[in-house]
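Quick notes on the structure that follows.
Protein chains: 2
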Amino acid sequence: MSAPHPFDAAIALAPAGSDAFSGHSHPAYWNMIGPFGGLTAAMALNAVLQHPQLLGAPISLTVNFAGPVGEGPITARARPARTNRSTQHWWVELVQTDADGTEQVSTTATVVTAARRPTWSASDATMPTVPAPDGLPRSERGGTPVAWIARYEVRSLQGDLPRQWDGQTADDSLTRWWLRDDPPRPLDFASLTAMADVFFPRVWLRRATRVPVGTVSMTVYFHADSAQLAACGDGHLLAEARALNFRHGFFDQTGLLWNAQGHLLCSTHQIVYYKE
Amino acid sequence: MSAPHPFDAAIALAPAGSDAFSGHSHPAYWNMIGPFGGLTAAMALNAVLQHPQLLGAPISLTVNFAGPVGEGPITARARPARTNRSTQHWWVELVQTDADGTEQVSTTATVVTAARRPTWSASDATMPTVPAPDGLPRSERGGTPVAWIARYEVRSLQGDLPRQWDGQTADDSLTRWWLRDDPPRPLDFASLTAMADVFFPRVWLRRATRVPVGTVSMTVYFHADSAQLAACGDGHLLAEARALNFRHGFFDQTGLLWNAQGHLLCSTHQIVYYKE
Numbered sequence: 012m013s014a015p016h017p018f019d020a021a022i023a024l025a026p027a028g029s030d031a032f033s034g035h036s037h038p039a040y041w042n043m044i045g046p047f048g049g050l051t052a053a054m055a056l057n058a059v060l061q062h063p064q065l066l067g068a069p070i071s072l073t074v075n076f077a078g079p080v081g082e083g084p085i086t087a088r089a090r091p092a093r094t095n096r097s098t099q100h101w102w103v104e105l106v107q108t109d110a111d112g113t114e115q116v117s118t119t120a121t122v123v124t125a126a127r128r129p130t131w132s133a134s135d136a137t138m139p140t141v142p143a144p145d146g147l148p149r150s151e152r153g154g155t156p157v158a159w160i161a162r163y164e165v166r167s168l169q170g171d172l173p174r175q176w177d178g179q180t181a182d183d184s185l186t187r188w189w190l191r192d193d194p195p196r197p198l199d200f201a202s203l204t205a206m207a208d209v210f211f212p213r214v215w216l217r218r219a220t221r222v223p224v225g226t227v228s229m230t231v232y233f234h235a236d237s238a239q240l241a242a243c244g245d246g247h248l249l250a251e252a253r254a255l256n257f258r259h260g261f262f263d264q265t266g267l268l269w270n271a272q273g274h275l276l277c278s279t280h281q282i283v284y285y286k287e
Numbered sequence: 012m013s014a015p016h017p018f019d020a021a022i023a024l025a026p027a028g029s030d031a032f033s034g035h036s037h038p039a040y041w042n043m044i045g046p047f048g049g050l051t052a053a054m055a056l057n058a059v060l061q062h063p064q065l066l067g068a069p070i071s072l073t074v075n076f077a078g079p080v081g082e083g084p085i086t087a088r089a090r091p092a093r094t095n096r097s098t099q100h101w102w103v104e105l106v107q108t109d110a111d112g113t114e115q116v117s118t119t120a121t122v123v124t125a126a127r128r129p130t131w132s133a134s135d136a137t138m139p140t141v142p143a144p145d146g147l148p149r150s151e152r153g154g155t156p157v158a159w160i161a162r163y164e165v166r167s168l169q170g171d172l173p174r175q176w177d178g179q180t181a182d183d184s185l186t187r188w189w190l191r192d193d194p195p196r197p198l199d200f201a202s203l204t205a206m207a208d209v210f211f212p213r214v215w216l217r218r219a220t221r222v223p224v225g226t227v228s229m230t231v232y233f234h235a236d237s238a239q240l241a242a243c244g245d246g247h248l249l250a251e252a253r254a255l256n257f258r259h260g261f262f263d264q265t266g267l268l269w270n271a272q273g274h275l276l277c278s279t280h281q282i283v284y285y286k287e
């Protein structure tokens, strides 16, 4: 039996009583002082996906990064707040026990799942026309000291990390990348969730200055269902993000992720703390 | 003493024990079979704003419309999931007791509040150049049978309700309005939250067909602080919304609200169920 993909190992949850699961931090997705936020979001979603009472598939996820996640065991709790005929509303939290035995909530989340049915469909957000990933070089991101960066293959089209941190203010904050897991892994709701948080902070792009940052809250709206995600296999996604507004310590970012055939798989939004 | 503004009456909450408040449905903001969703969102936020442990001002709000809100008393519960030095993360729920005495959760929400400090600030989302509200006619919306519509003064710039429900598919779903409370009321976090949900369903604009719809989850990111909101007085806001994607029963909408001076006050996103 081959070893699991590091992403599956990192979001793994084992049943631990009613509405509870146990997981563990994983070095492969480590950021500077805790796990990559996208991985934490994926673990929160996974608690719902593993729950025996789950109805349907994810439609909406909001994850709030309430406090740091440390190295060690993580307890994920998920329970349905309300179950309707075709939608279900979930509370989720991730907790850790600190050195003096006190339980600390690191993450709160709400998830909506639903049974989807075919209807009239259309997209207003059209995928931009861009060169195919195979003709583009893989972006060199080896200069970074954090582990999770190496878990994503990025082929940059626009708006990559500033090459010079010279404080020269840019005019916009749009980044556009081809993106997939490294090693490649078939797409699913959990990995799409993590990819929705893959962008470096928009304030770094706008200001060419590495100010301290941290995502406060992140939302993903899922347009794809399981079959559409499975059909993506481990192919590249086109992922773009831009900021809307920066003011008094917080900016928001909005993003879109398409498969190579031009289907919008999810839209995603987040608000991020920044210093100075 | 003059009567309170109907908005203040409709979101009013009285303390009802630890972490709990009591409110009541209000006819002035009634929709077809329950309150206007923006009013419900504002009441959920108000539970945090009234809470004695509140730290700072709202940064982010996600409201999930889990089930119908009926006529009668509403209990709002809010408690801090985690309080940090300068941010605070809240759980909120609205519940009602049904005819056989069972408590039903109608609404779940998470809120992040924070102490904001002046920093480098900029906007990537620039207010479009549009005619001033005073030169535009007030939109006639008297044909509708629902009460809450009359609580907003709308001066339409683009993308108003279809005049003919003829099933002719439109090319895009952008609506742009000047907007304020009716009667006028000084802007605050609660009224801005309600205004973020004021748009009619994008699927009606795209399809010129009144299919059944219901917002499932809504997020607001607040860029303004209390002083900036207070400075808006009861002036018009420029509000715009557009859909990103419609697929298999759900579409998402993204919106922006500026004051007349061109400052972005909030961005807002929602995902909406639709039938057929």
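Chains as they are written, first to last, in the numbering used here: chain A, 12 to 287; chain B, 12 to 287. C-beta atoms are modelled at their ideal positions from N, C-alpha and C, and glycine is treated no differently. Model, not experiment: these values are computed from the prediction.
Sequence-distant residues of the same chain with beta carbon closer than 7 Å to residue i, five excluded per side
{"i": "glutamine 61/A", "result": "Leu24, Phe32"}
{"i": "arginine 196/A", "result": "His16, Phe18, Ser202, Asp245"}
{"i": "proline 194/B", "result": "His16"}
{"i": "serine 64/B", "result": "Here residue 64/B is glutamine; the residue named in the question, serine, does not match the sequence. Contacts found: Pro91."}
{"i": "threonine 113/B", "result": "none"}
Cβ-Cβ distance between residue i and residue j below 7 Å
{"i": "histidine 234/B", "j": "asparagine 75/A", "result": "no"}
{"i": "alanine 181/A", "j": "arginine 128/A", "result": "no"}
{"i": "leucine 185/B", "j": "arginine 258/B", "result": "no"}
{"i": "isoleucine 22/A", "j": "alanine 52/A", "result": "no"}
{"i": "valine 80/B", "j": "tryptophan 101/B", "result": "no"}
{"i": "leucine 190/A", "j": "alanine 250/A", "result": "yes"}
{"i": "threonine 124/B", "j": "leucine 72/B", "result": "no"}
{"i": "glycine 266/A", "j": "methionine 138/A", "result": "no"}
{"i": "glycine 146/A", "j": "alanine 87/A", "result": "no"}
{"i": "leucine 275/A", "j": "alanine 136/A", "result": "yes"}
{"i": "glutamine 179/B", "j": "threonine 226/B", "result": "no"}
{"i": "serine 97/A", "j": "alanine 68/A", "result": "no"}
{"i": "threonine 230/B", "j": "glycine 260/A", "result": "no"}
{"i": "valine 295/A", "j": "leucine 172/A", "result": "A query on residue 295/A cannot be resolved here, the shown segment of chain A reaching from 12 to 287 and no further."}
{"i": "arginine 166/A", "j": "arginine 149/A", "result": "yes"}
{"i": "histidine 247/A", "j": "proline 156/A", "result": "no"}
Interface residues of chain B facing residue i [CB-CB closer than 7 Å]
{"i": "arginine 253/A", "result": "Asp135"}
{"i": "aspartate 263/A", "result": "Tyr232, Ser278"}
{"i": "threonine 51/A", "result": "Those do not exist, as threonine 51/A stays about 14 Å from chain B at its closest Cβ, beyond 7 Å."}
{"i": "aspartate 236/A", "result": "His259"}
{"i": "arginine 221/A", "result": "The premise fails here: arginine 221/A is roughly 13 Å from chain B at the closest Cβ pair, so nothing lies under 7 Å."}
Beta-carbon neighbours of residue i, restricted to chain A and to distances below 7 Å
{"i": "arginine 93/B", "result": "Ala77, Gly78, Val116"}
{"i": "threonine 86/B", "result": "Neighbours of threonine 86/B on chain A: none; closest Cβ ~14 Å, over 7 Å."}
{"i": "tryptophan 176/B", "result": "Going along chain A, no residue has its Cβ under 7 Å from tryptophan 176/B, so there is no contact; the nearest lies around 15 Å."}
{"i": "isoleucine 282/B", "result": "Ile70, Ser71, Tyr232"}
Neighbour list for residue i in chain B, Cβ cutoff strictly below 9 Å
{"i": "histidine 62/A", "result": "Those within 9 Å of histidine 62/A in chain B number zero; the least Cβ separation is about 16 Å."}
{"i": "arginine 127/A", "result": "Arg258, His259, Gly260, Phe261"}
{"i": "leucine 275/A", "result": "Leu255, Asn256, Arg258"}
{"i": "arginine 218/A", "result": "Trp131, Ala133"}
Close beta carbons around residue i, own chain, < 6 Å, minus the five adjacent residues each side
{"i": "proline 223/B", "result": "Lys286"}
{"i": "leucine 50/A", "result": "Ala21, Tyr40, Ala205"}
{"i": "alanine 92/B", "result": "His100, Trp102"}
{"i": "aspartate 177/A", "result": "Ala219"}
{"i": "glutamate 82/B", "result": "Ser36"}
CB-CB length for residue i against residue j, believed under 8 Å
{"i": "glycine 48/A", "j": "aspartate 208/A", "result": "5 Å"}
{"i": "aspartate 263/A", "j": "tyrosine 232/B", "result": "5 Å"}
Sequence-distant residues of its chain with Cβ nearer than 8 Å to residue i (five each side left out)
{"i": "glutamine 175/A", "result": "Ala219"}
{"i": "aspartate 30/B", "result": "His62, Arg88, Ala89, Arg90"}
{"i": "glutamine 107/B", "result": "Val80, Gly81, Gly83, Pro84, Ile85, Thr86, Glu114, Gln115, Ser117"}
Listed by chain order, chain A residues near residue i by CB distance under 8 Å
{"i": "threonine 124/B", "result": "Those do not exist, as threonine 124/B stays about 10 Å from chain A at its closest Cβ, beyond 8 Å."}
{"i": "tryptophan 102/B", "result": "Trp102, Thr119"}
Contacts that residue i makes with chain B (C-beta to C-beta distance below 8 Å)
{"i": "valine 227/A", "result": "Ile70, Ser71, Thr98, Val123, Ala125"}
{"i": "tyrosine 285/A", "result": "Thr130"}
Partners in chain A for residue i, counting only beta-carbon separations shorter than 9 Å
{"i": "arginine 90/B", "result": "Correct list: empty, because the minimum Cβ distance to chain A is about 11 Å."}
{"i": "aspartate 183/B", "result": "Asp135"}
{"i": "tryptophan 41/B", "result": "Those within 9 Å of tryptophan 41/B in chain A number zero; the least Cβ separation is about 22 Å."}
#### Entry: Segment contact flag, the region 67 to 81 of chain A with the region 104 to 120 of chain A, C-beta cutoff 8 Å, min 3 pairs
yes
### Task
Check whether the region 195 to 211 of chain B touches the region 50 to 59 of chain B, taking contact to mean three or more Cβ pairs, one atom from each stretch, closer than 8 Å.
yes
### Query
Can you find at least 3 beta carbon pairs, one from the region 155 to 166 of chain B and one from the region 236 to 244 of chain B, that sit closer than 8 Å?
no
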